[in-house]
Structures are given as C-alpha cells and as structure tokens.
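Chemist:
Residue numbers (the numbering used here), protein chains in the order written: chain D, 737 to 1078; chain W, 43 to 448.
(1) Compare the C-alpha of residue 437 of chain W against each of D/1044, D/865, D/820 and D/841 and name the closest.
(2) List, in order along the chain, the chain W residues whose C-beta lies closer than 7 Å to that of residue 774 of chain D?
(3) To which residues of the same chain is residue 328 of chain W closer than 8 Å at the C-beta, ignoring the five residues directly before and after it?
(4) Using CA coordinates, which residue listed in D/896, D/931, D/973 and D/1026 is at the minimum distance from residue 943 of chain D?
(5) Please return the same chain residues whose Cβ sits closer than 6 Å to the Cβ of residue 378 of chain W, not counting the five positions on each side in sequence.
(6) Per DSSP, what kind of secondary structure is residue 902 of chain D in: helix, strand or coil?
(7) In angstroms with no decimal places, state the Cα-to-Cα distance between residue 1000 of chain D and residue 114 of chain W.
(8) Output the distance between the C-alpha atoms of residue 254 of chain W and residue 326 of chain W, rounded to the nearest integer angstrom.
(9) Looking at the C-beta of residue 155 of chain W, does it have a partner C-beta in chain D at a distance below 8 Å?
(10) So the candidates are W/403, W/361 and W/427; which of them puts its Cα closest to the Cα of residue 149 of chain W?
(11) What three-state label does DSSP hand residue 376 of chain W in the structure shown?
(12) Taking DSSP's pairing of strands, which residues face residue 346 of chain W in a bridge?
(13) Tell me, please, whether the CB atom of residue 764 of chain D is closer than 8 Å to any CB atom in chain W?
(14) What number of angstroms, rounded off, separates the C-alpha of residue 96 of chain W from the C-alpha of residue 317 of chain W?
(15) Give the DSSP bridge partners of residue 100 of chain W, in chain order.
(16) In terms of alpha-carbon separation, which member of D/760, D/868 and D/782 lies closest to residue 160 of chain W?
(17) Kindly give me the distance between the Cβ atoms of residue 948 of chain D and residue 880 of chain D, rounded to whole angstroms, as I take these residues to be in contact under 8 Å.
(18) Are at least three pairs of beta-carbons, each pair with one atom in the region 981-992 of chain D and one in the region 1004-1012 of chain D, less than 8 Å apart?
(19) Say whether the region 302-314 of chain W touches the region 85-94 of chain W, bearing in mind that this needs 3 or more beta-carbon pairs closer than 8 Å, one atom from each stretch.
(20) What are the boundary residues of the alpha helix (DSSP H) that includes residue 129 of chain W?
(21) Give me the chain D residues within the contact set of residue 333 of chain W, using Cβ-Cβ distance strictly less than 7 Å, ordered along the chain.
(22) Note down the Cα distance separating residue 1063 of chain D from residue 174 of chain W, rounded to an integer number of angstroms.
(23) Pick out whichever of W/246, W/338 and W/289 has its Cα sitting closest to the Cα of residue 179 of chain W.
(24) Taking any Cβ of chain D, which residues in the region 256-273 of chain W have a Cβ under 8 Å from it, in chain order?
(25) Could you pull out every residue in the same chain whose Cβ sits closer than 7 Å to the Cβ of residue 111 of chain W, ignoring the five residues on either side in sequence?
(26) In this structure, how does DSSP classify residue 1028 of chain D when only helix, strand and coil are distinguished?
(27) Let me know the beta strand (DSSP E) ranges lying completely inside the region 889-967 of chain D, each 3 residues or longer, listed in chain order.
(28) Does the Cβ-Cβ distance between residue 376 of chain W and residue 785 of chain D come in under 8 Å?
(29) Does any C-beta atom of chain A lie closer than 8 Å to the C-beta of residue 931 of chain D?
(30) Quick test of your reading: residue 31 of chain W and residue 223 of chain W, contact by CB under 8 Å. State the CB separation rounded to the nearest angstrom.
(31) Kindly indicate which three-state DSSP category residue 861 of chain D falls into: helix, strand or coil?
(32) Output, in chain order, the set of chain W residues within a Cβ distance shorter than 8 Å of residue 967 of chain D.
(33) Between the C-alpha atoms of residue 837 of chain D and residue 417 of chain W, what's the straight-line distance to the nearest angstrom?
(34) Nearest chain D C-beta to residue 159 of chain W closer than 8 Å, yes or no?
(35) Is the distance from the Cβ of residue 461 of chain W to the Cβ of residue 300 of chain W below 8 Å?
(36) Have a look at D/1074, D/753, D/790 and D/855 and flag the residue whose alpha-carbon is nearest the alpha-carbon of residue 402 of chain W.
The following block contains the structure:
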C-alpha cells in the first residue's frame, strides 16, 4: 500500500486515538505533577444530634481564593512519584541503612504498597501469559483435529469464558471457593482442615486469581491460534507424514514456525492485558491479599472519601511505563524481523 | 374544552391533596445509600413532590458517586443523603449549601436537635441515628449458660465456649471486609480503648501507641473466632451467615436489624435473635462503637428553585410523624413522635452509654482509607501490630501531604 493511501486510511483512527487516548494520557501526566494546595483549616463549633464539639473544618473562603488562582493545585514535580505510596525512594534508602540482612530489606520493601502491587502484577503476568499461550495452542490443535461436525458447538463452549463478563465469571468462582461453597467445603474435607480458607490465605488467593486469569484469557489465544491453524499449508504437512515425521515433529517444525508471528501478537496482547489485571481482584474481594497496579489507581480514585487525583495519575503513568518496558523485547524483535524481511 | 377543564380540575384537586407541600416547579434528584429506612424516607418525600420532577438514585456505591456528581455545575443531584463521614468530603470541597433560610421558611416540625450546624450554619438535617452493636442468639447462650456479653472480652470468652461445645465452629461475626468495613471496626475498637486518631489540633497521626496495639490484638482475637473468610465479609455477607444459623454473636449496624428480624428465613433463628447495646473493651466506660446520623444535604451547584423544591419535599419527610409511626421498626428516627421499639435497643443503649460520634474531621477519610488496607497483613499474621500501625501512619502521611493537610 502506498504511504499516501495508508495515511488517508489511518487518519480517522489516528485522530480518534489522539483525541481519546493521547490527550487523556497527556492530561493525566500533567495531573501527576500536581498536589492539592495546603488546606487552610479553622476551628469551629459543630453540633449534631449527639452534642456539640469544637473541631476543625476547611476554611472555604481562603481555600477557594487559592483554588481560583491556581486551579491545577500546587506544583509537586516528581514529589508524588517518589512518596511512600509510590516509588518510596526515601524509605528504601532508610531500609537499606537500617536492616541487617538482605532478606529483611526485601521484606520491608515488599511491604510498601507500590512494590506489593508490582510484585503481584508481575507474578500474575509471568504465570498467566505463558500458560494462556500454551493452553490456547493445545486447545486449538485438539479442536483442529476433531471432526468438523462437532467442531461448532465445541468452539462455542471453548470461548464461553471470554464471553462471560469478567466480574460475573470471578463471582461464580468466588462463591464456589467460599468456605461453604462446593470447592471450598470439599477442599476442607479433603485436607481435613476445617480452618482452610482459599480466601484468607494469601498464596491460595494468588493461585485462585492466576487460575481464573488463565481460564478467562485462554479462549482469546485459542481463537487466534485456531484461525492461524486454518492457514497452515497442507502440502508440507503431508510431505512430513510421508517422511515419517511424528505428530510432535510436525507441530514443532511446520506448524509452529508458520504461526509464529501470530504467537508474538497474542503474547503482546496478553502481556498488556495481564499487566492491567483488575476485575478478578474486585470479583474475588481479594483486596486484602492481592493488589495490582490497576487496583491501586482504582483505590486512589474511589476507595477514599477524598479523591487522590495526583496519586492515581502517578500510578497510571508508571503503569504505562511498566507496560512499555515489558513489551520492549517483543517490540524490538518484531521491528528487527520487519527490517530483515524488507 | 371540556377535556381541558377536567384536566384543570384534576390538576387543582391533585395538588390540593398535598396541600402541605404544594410544590409547583423545580426538579428534585436525590442520591442516597441503599437500605430500607432510607427508601422509606425518600418515598415519603416523593409523596409531596407536587408537580416537581422527582428522581432518586439508591446505591451502596453512593460514596464513590457523590463528590464527582456534586462537583459538576449544575450538579447531577439536588440533594444527597449523607452521614457524619460522608458529609466531610462535601464540606471539604464546598459542595453543599447552608440551609438556614430554607429551615426558617419551610422547616416547620423539624426539631432543633435534628439540625447539623457547623460554624453556626445549618449544613444538614438529620433524621435517623445508627450505630454498630451486638446481636446474640438467645437460645444458644441460654443452653450453654452464658450471660449476655457486655464487653468484648466477654464476647471472646463466650465465643470460645460456644466453639468448645461443638455447636458452632465460627460463633462470632463482624464486617471485616478489607477496606472501609475493616477500618470502621478498627475505629470503633480504638475509640473503645479511649484512643485519639490525631495529635490534638493537628492532622498528625497518633495511632501507633499501646491503645492501637491493644485494638489490633482484640480485632485479631475476634477474627480468629470468625469464619476464616472474614476478610471478604461485608455487612450483607455476615447477615447471611447469621440467617443460616452459623453465628451466635455478631456486631452489626442497627439499621440492618429490620431485615434480620423480618419474616424471611428460618423462623426459629429469627425468634432467638436478640439485640443488645454495643460492647465496651479493656475496662473502658464508653462503648467500642461510633454513633452515626443520616441526614440530607443540598447541592450548592444547583439553582435556588431546585434547592427550594428539594428542601420542601425532604423536610416534609424529616418532620413526618406518620412515617415515623409506620416505619418505627426500620430505624431509630430522630424525628418528633418516634417511639423506640425493640429493634432500636442498640442505638438507644449506645447513646445512654455515651458512645462517641464518628469523628467529623476533614482528614479522617484519609486515615480511614489507610487503615482499611494496611492492617490486613497483621490480621493475616504476616506482620507485627507495631509494624502495621507504622504502615498506617506512613500511608496516611503520604496521602495527607498530597492533599495538603500536612
């Protein structure tokens, strides 16, 4: 396609992307450098049905004047980025000096909210992405091998996890693993431990969420792989059969190289999706044991009675950076291949 | 012509039925939490809407919607049903209007004690009170010869006895869901220990002390007697636990007693469900509970005409003796004419025992938020009480700095 044609094709999409993705990201970025103005408070008398007390309120007259002058807030630079609830540079330095062993240091650092969330997010990505690829590929191969007559219903059944809304899917599993749910109660019996709870143990919660993630994302990989399998040329496969290649050898040397670009694509999308893991944490009410970066943003925006825009914006920016870092190897590789192909 | 005449007559007749309000114009849109008493209250207000537009949103997510919706100009809602804690962000952002003029003009029947005044200005009109208190299963306690607990130490002893008897494995329940609910339990218990959240007159936190540690240890003891999934249980979940007969002692909101004692569910459990005041802790006099009021506030960013219409409708409900008589079971109404029934024992006892109201401080929401996430690891046995309290203070300080309180 000539560059000019491509440009005109891409223009509407590009404009929409700038308007709905680019500009909000820039605005979030600007927001992350600002904090609220210093609150001017005053002591007043407050009375309610239970009596009167003297306590403080925000002085609206003075505050609104400051707000009108500088509606964005107080410029804070990277202040929000390095505070304890984000990168916690100062705290980490302190831990380094104060702790006696490396293990203790790691304990202290992973106790900070941002690092706690980062570790869960990375663990989730690391376990879910490869398993999704593998499971999706195996399902696609197996379905490709069954007779055409029953393939339709089977495919429908396989992509169900993707059709089910994430929140609903996780809620169903959440109820099943309840101490009185079908899985939870049976596990207690099986392990002979009446106090066993999938929800209160951190490790078990992580495992549950990861398994849920694999279950939910595999159909996507499957659909793409299944489509790719339809394009595998039959001649080399038949030739390989005649040469006496086993099933595994055929997959390894013919099918996989053929669908390789698609694997990269699915890996990319999966990584991006998994890095933003959020719904299962809400669905499983797992806030206590598992927090992800997206959950931190959500927490800053809604869980406080005060909305922490600066905090949320800073975490958002760092999530974007995190995704970029994660995707870098795959992107660089794709770019190199693109160059050599030309 | 005849049609017009009839509809005109109908209109006249229709409005005269609500002669006490006679609201001719304006639009009313209310945001409220979702529990039976609030539904009754809003329905009563609707009864006198006259020819004004009337809309209502009942949502348990009301806290998340309120500030953004009221910040818009004109704001989405003309009124917000708030409580001690949720009025604070509205005050901080200057989103609600003083009601003095409206109370003077249309507030007939509203008692002085219902008025929430801040710095001499009426900012809200309260209509019901709420608290968290003890519920117990009379049959279970009687069978095992346990007296009704008055302190949390007795609650622990009683729960241990019930567990030892083999009747129930997890005899105690409270809303310990990580986040707002868990933090609320900490606030109650800490106040019961006589603790203060901030250094006097400042926004500096002061919870990392012996009282804080004692509070956490008591919470952990109680958690050990609860269903192991306690970190995922909110008020609704423990209500279900109670109704399935798994629990004999429970700390729950007074406003939930209505649904707990209704005809749904096992009649035997309902009959044996009894209410008592909130428990004290560590030999203290004041209960380990906070008093709450629910009241209405009016949005600032809305036309005066809408505010007037909204106020008249809501004031009609906030001084409505008939509603209070009909729905005496649903809440502890602060409205004149309320005769407390058996379901209001919890709140009445709490007031008698001089329970403290939930602190109405501008920075309290940040403390509440920090508590909800940072004490979880202590309950899971992953860190010490001192470390957890240190984390809470550190998390709070970062947020308070960002918000300009420190």
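C-beta atoms are modelled at their ideal positions from N, C-alpha and C, and glycine is treated no differently.
Modeler: If we stick to the structure as given:
(1) The closest CA to that of residue 437 of chain W, considering only D/1044, D/865, D/820 and D/841, is found on D/820.
(2) Contact annotation for residue 774 of chain D against chain W: 446 [CB-CB distance below 7 Å, chain order].
(3) Cβ within range, chain order: 233, 234, 236, 322, 395, 396, 397 and 398.
(4) Ranked by how close their Cα comes to the Cα of residue 943 of chain D, the residues D/896, D/931, D/973 and D/1026 have D/1026 in first place.
(5) So the qualifying residues of the chain are 153.
(6) Residue state, collapsed to three classes: helix.
(7) Those two C-alpha atoms are separated by around 45 Å.
(8) When the Cα atoms are used, residue 254 of chain W and residue 326 of chain W turn out to be separated by approximately 14 Å.
(9) Taking Cβ atoms only, chain D reaches closer than 8 Å to residue 155 of chain W, which makes this a yes.
(10) With distances taken between Cα atoms, residue 149 of chain W lies closest to W/361.
(11) In the structure shown, residue 376 of chain W sits in coil (DSSP, three-state: anything other than H, G, I, E or B).
(12) None; residue 346 of chain W has no bridge partner.
(13) Not one beta carbon of chain W lies nearer than 8 Å to the beta carbon of residue 764 of chain D.
(14) Their backbone Cα atoms lie some 37 Å apart in a straight line.
(15) BP columns for residue 100 of chain W point to W/74.
(16) Ranked by Cα distance from residue 160 of chain W, the options D/760, D/868 and D/782 are led by D/782.
(17) The C-beta separation of residue 948 of chain D from residue 880 of chain D comes to about 26 Å, leaving the pair out of contact by the 8 Å criterion.
(18) Short answer: they don't touch.
(19) In short, these stretches do not touch, since the Cβ pair count stays below three.
(20) Membership of residue 129 of chain W in the alpha helix (DSSP H) is indicated by the continuous run 129-134.
(21) Near residue 333 of chain W (Cβ distances below 7 Å), the residues of chain D are 786.
(22) The straight-line gap from Cα to Cα measures roughly 50 Å.
(23) Closest option to residue 179 of chain W, judged by alpha-carbon separation, among W/246, W/338 and W/289: W/289.
(24) Here the close residues are 269, 270, 271, 272 and 273.
(25) For residue 111 of chain W, where only same-chain residues beyond five positions count, the Cβ hits under 7 Å are 73, 117, 118 and 119.
(26) Assignment of residue 1028 of chain D by DSSP, reduced to helix, strand and coil, places it in the coil class.
(27) Segments of the beta strand (DSSP E) lying fully in the region 889-967 of chain D: there are none.
(28) Yes; because the gap between Cβ atoms is below 8 Å, this pair is in contact.
(29) No chain A is present in this structure, whose protein chains are D and W.
(30) In the structure as shown, chain W begins at 43 and stops at 448. Residue 31 of chain W is therefore absent and cannot be evaluated.
(31) Helix.
(32) The premise fails here: residue 967 of chain D is roughly 46 Å from chain W at the closest Cβ pair, so nothing lies under 8 Å.
(33) Computed Cα separation, rounded: 25 Å.
(34) Judged by the 8 Å Cβ criterion, residue 159 of chain W is in contact with chain D.
(35) There is no way to answer for residue 461 of chain W, as the model of chain W reaches only from 43 to 448.
(36) The shortest Cα separation from residue 402 of chain W among D/1074, D/753, D/790 and D/855 belongs to D/790.
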